[in-house]
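Going down the list, the protein sequences come from chains R and V. In this text, residue positions in the first sequence follow the working numbering: the first is 941, and each later residue adds one. In this text, residue positions in the second sequence follow the working numbering: the first is 2, and each later residue adds one. Heads up, the thing below is written out as structure tokens.
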Amino acid sequence: GAGVSQSPSNKVTEKGKDVELRCDPISGHTALYWYRQSLGQGLEFLIYFQGNSAPDKSGLPSDRFSAERTGGSVSTLTIQRTQQEDSAVYLCASSSWTSGGADTQYFGPGTRLTVL
Amino acid sequence: KQEVTQIPAALSVPEGENLVLNCSFTDSAIYNLQWFRQDPGKGLTSLLLIQSSQREQTSGRLNASLDKSSGRSTLYIAASQPGDSATYLCAIPKAAGNKLTFGGGTRVLVKP
């Protein structure tokens, strides 16, 4: 079946502009995650959605970052007033939720964001 | 707070040699440990997942071991091939289905 998809694959924006990044998880996966990968910081967790529970936003670096998940499927990560330090690859992952079994996270190809 | 470390950061081996990749973690109370592969400019591909109760997991030429007491996991890749060249990352979730804490990765180059 189809894997996790993300759009756009590349985004170049000017400092101060808002951007929206989209993630389509694997059908039926109830958990969705956003991570950021930058040269100096490696892979960092941003936010996590599980079913109808309140999202875990503990990894969001500032209040300029927000995310929503509509209908328990597609998610959008929004960065307002972008800064140059926001330049990174933004990765989305999804997994099926089990009470005791394996719950491998499947990653999308990422969106490379460049803020000029 | 869980910290995950991968040493070395880079590794170069001739084709055919076995690869040994190390991952260490500070909190032994893990739910599972996952190994991923990342090719340049690409997302992550899941290789192996070892549950907390397991000692090892195998898939083809890949074998991953887990020793919680010492806070270590090792990924073995037998008879390396140039196509194995990539960055390998280990990651640990805080709980079931939870966010992953990643190591810094080991960049592997297999020379023909």
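Note that beta-carbon positions come from the ideal geometry of N, C-alpha and C, so glycine has one too.
| Item | Value |
| --- | --- |
| Can a CB atom of chain V be found closer than 9 Å to the CB of R:D1043? | yes |
| Under the rule that 16 or more other beta-carbon atoms within 10 Å means buried, what is R:V952, buried or exposed? | exposed |
| Helix, strand or coil, according to DSSP, for R:Q1024 in the structure here? | helix |
| Can you confirm whether V:P83, when its beta carbon is compared against all beta carbons of chain R, has any partner nearer than 9 Å? | no |
| Closest by CA to R:A994, which one among R:Q977, R:S978, R:L983, R:G1012? | R:G1012 |
| Taking the C-alpha atoms as reference points, what is the distance between V:S29 and V:F103? | 15 Å |
| Under 8 Å Cβ-Cβ, which residues of chain R neighbour V:Q35? | T1044, Q1045 |
| So, does the region 1042-1056 of chain R touch the region 76-88 of chain V, judging by three or more C-beta pairs under 8 Å? | no |
| I'd like to know if R:D964 contacts chain V, where contact means its C-beta is closer than 9 Å to some C-beta of that chain. | no |
| In the region 87-106 of chain V, which residues sit with their C-beta less than 9 Å from some C-beta in chain R, listed in chain order? | L90, A92, P94, A97, G98, N99, K100, L101, T102, F103, G104, G105, G106 |
| Give me the Cα-Cα distance between V:W36 and R:L983, rounded to the nearest whole angstrom. | 14 Å |
| Closer than 9 Å, CB to CB, is R:R1052 near chain V or not? | yes |
| Output yes or no for whether 9 Å exceeds the beta carbon distance between R:S1031 and V:L45. | The question names Ser, yet the displayed sequence has Leu at residue 1031 of chain R. Cβ distance < 9 Å, so R:L1031 and V:L45 count as in contact. |
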